[in-house]
Ligand code: ADP
Ligand code: MG
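In my numbering, the protein residues as written are 3 to 525.
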């Protein structure tokens, strides 16, 4: 038994190789790490933001402007830095846009917290002040939500706002935004069924194009080359089966001793396969989507009867096809009944360069919509896919999660103003933190201005004075230039939910990091 520690002697409670940083050092290292992460994405903010090229260990290249994607692709290890990455990924999951905004704001809140700590403001006062300011921010957002139901024009503006500067290529944000709004309107009944809208990309077109497909696109190719490639008014079966010989009769029976027996075994196989094909054909199926493998002989029999069949269809795809066409997912071929079949207006197979795609259009049951994008390279279609998903998410958020607010930094200026006004009534040092929060918000319009090539200080001064006289003012970026004006008039709108979420999660991460004064890491 070890002796109890004597007074004045150190007592070791941690393993020998544990690393520990405490007090100011811990705080400062965490804050530096958080700021560093946030700084990496700063230059991508807004329509004139730059792109980043990220190269992985294995040499894969991603070119993007999307905050969440950048932070996800970077190999960030520092635990405090990792928290900023989480802010951005939570933002992506919750509302689908505003990931750079959230990361930049987190960094700025940390930077201001650092100054306050240097001035001997206690972390608790900072945390309380930030929470107080965040509450005022949420109220201000609510007050600034544009009145009335959001109409198609506004939704298109929201989509354009989220997609400008996102590598939309020769298509431009406007037509893409219209496609996005059309797609969302198609899956809107009581609410928006966002999951029913898919984005599919196909490289290989010389110039880019998007098409709205009222249905699903599958990457699977027909089982047999003689199958039809265009079926109208199709009865559809979705099967979770393998259409192969169950177990080879020849392997199983090692007592095959004569040619007759071998032939009998082969016949039995052929019969089994023939039966699969017949069951499908007799049920009146025109098109079958099969998750398992299909024997060539089955494929050939189906082709003879003009049945179109796809094999190795993924489970997800099988489910969406079943849902859209009103088919049941059948697990045993013998159980297939007329009731299980669904239908679609049209199933067609089209060739794009090397690839073949199947289009399942006009499913009888649920609306399923696919935004189909073509472009020259994978880098381009990948970034376009991210932009379209942002567009789809913001339109959904605007409809479902409480409307839209003025973008282009205007809402941030309004929030900062409201916070400064209320700060006066906050007592003690907490007031300094409330004011610091307002100053931190300025980073967003300031960064927009910087990225648009404007002088950030002049822009901020003009913004504030225009805000004071007009009530609302943002930095509108058009082409190469930026000017201070009313974003509502210029049609730069963001979903209120994107701003709410960004402020909430940035506050949370910054206060959490500020509160830490001891880092104990096991090696
Ligand atoms: P995030 O990842 O935060 O969405 P973005 O790079 O998409 O970052 O930039 C979003 C910001 O850019 C929003 O504040 C939005 O209002 C603003 N913005 C978008 N279009 C314009 C425009 N034409 N002029 C000024 N600001 C714009
Ligand atoms: Mg965005």
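By construction, the Cβ of each residue, glycine as well, lies at the ideal position given by its N, Cα and C atoms.
Per-residue DSSP class, three states only, for residue i
i	result
residue 110	helix
residue 230	coil
residue 366	coil
residue 345	strand
residue 600	Residue coverage of the chain in this structure runs from 3 to 525, which leaves residue 600 outside it and unanswerable.
residue 72	helix
residue 45	coil
residue 307	coil
residue 1	Given a span of 3 to 525 for the chain in the structure shown, any question on residue 1 remains unanswerable.
residue 195	coil
residue 3	The predicted model places residue 3 with a pLDDT of 44, which falls under 50 and marks its position as unreliable; any figure quoted below should be read in that light. In this structure, residue 3 counts as coil in the three-state DSSP scheme.
residue 190	strand
residue 245	strand
residue 463	helix
residue 296	strand
residue 397	helix
residue 85	helix
Buried or exposed by the 16-neighbour rule on C-beta atoms within 10 Å, applied to residue i
i	result
residue 522	exposed
residue 16	exposed
residue 109	buried
residue 427	exposed
residue 483	exposed
residue 377	buried
residue 349	buried
residue 85	buried
residue 81	exposed
residue 95	exposed
residue 13	exposed
residue 301	buried
residue 32	buried
residue 471	exposed
residue 4	The predicted position of residue 4 is uncertain, since its pLDDT is 49 and thus under 50; a value taken from the coordinates is nonetheless stated next. Its Cβ having fewer than 16 others within 10 Å, residue 4 is exposed.
residue 83	buried
residue 486	buried
Beta-bridge partners of residue i, as assigned by DSSP
i	result
residue 357	354
residue 204	376
residue 484	479
residue 22	522
residue 220	360
residue 312	224, 291
residue 55	65
residue 154	DSSP output for residue 154 lists no bridge partner at all.
residue 507	Note: residue 507 sits in no beta bridge, so no partner.
residue 213	374
residue 496	407
residue 237	345
residue 529	Only positions 3 to 525 of the chain appear in this structure, which leaves residue 529 out of reach.
Requested in this report: Mind listing which residues have their beta carbon within less than 5 Å of any non-hydrogen atom of ligand 2? Chain order is fine.
Outcome: Those satisfying the condition are, in chain order, 99, 164.
**Report entry** the segment 387-401 / the segment 494-514 touching (three or more Cβ pairs under 8 Å)
**Finding:** In short, these stretches touch, since the Cβ pair count reaches three.
Requested in this report: Inspect the CB distances between the segment 288-301 and the segment 225-239 and report whether three or more fall short of 8 Å.
Outcome: The segment 288-301 vs the segment 225-239: in contact.
Query raised in the report: Do the segment 142-159 and the segment 379-390 make contact, defined as three or more Cβ pairs closer than 8 Å?
Result: Touching, no, given that fewer than three Cβ pairs across the two stretches are closer than 8 Å.
Query raised in the report: Is the number of C-beta pairs between the segment 471-487 and the segment 418-432 that are closer than 8 Å three or more?
Result: The answer is no - the segment 418-432 does not touch the segment 471-487, with fewer than three Cβ pairs under 8 Å.
Query raised in the report: Given 8 Å as the limit, is there contact between the segment 177-184 and the segment 306-322, that is, 3 or more CB pairs closer than that?
Result: Short answer: they don't touch.
Report task. Count the CB pairs spanning the segment 457-470 and the segment 39-57 that are closer than 8 Å, and state whether there are at least three. Result -> The segment 457-470 makes no contact with the segment 39-57, as fewer than three CB pairs between them are under 8 Å.
Query raised in the report: Okay, do the segment 291-308 and the segment 198-212 touch, 3+ Cβ pairs below 8 Å being the bar?
Result: Contact fails between the segment 291-308 and the segment 198-212, because fewer than three Cβ pairs, one in each stretch, are under 8 Å apart.
Query - the segment 56-68 touching the segment 164-177, judged by at least three CB pairs closer than 8 Å - result: The segment 56-68 is in contact with the segment 164-177.
Query raised in the report: Pairing CB atoms from the segment 358-374 with CB atoms from the segment 208-223, are three or more of them under 8 Å?
Result: With the cut-off at 8 Å, the segment 358-374 and the segment 208-223 touch.
Requested in this report: Give a yes or no on contact between the segment 430-445 and the segment 127-145, applying the rule of three or more CB pairs nearer than 8 Å.
Outcome: Judged by pairs of C-beta atoms under 8 Å, the segment 430-445 touches the segment 127-145, as three or more such pairs exist.
Query raised in the report: Does the segment 134-143 come close enough to the segment 355-363 that 3 or more CB-CB pairs lie under 8 Å?
Result: Taking a cut-off of 8 Å on C-beta distances, the segment 355-363 does not touch the segment 134-143, as fewer than three cross pairs fall below it.
Query raised in the report: Counting Cβ pairs, one atom from each stretch, are 3 or more of them under 8 Å apart for the segment 324-332 and the segment 263-273?
Result: As far as the Cβ criterion goes, the segment 324-332 does not touch the segment 263-273, which means the pair count is below three.
Query raised in the report: Within the chosen definition, does the segment 447-460 reach the segment 501-512 through at least 3 CB pairs nearer than 8 Å?
Result: No, the segment 447-460 is not in contact with the segment 501-512.
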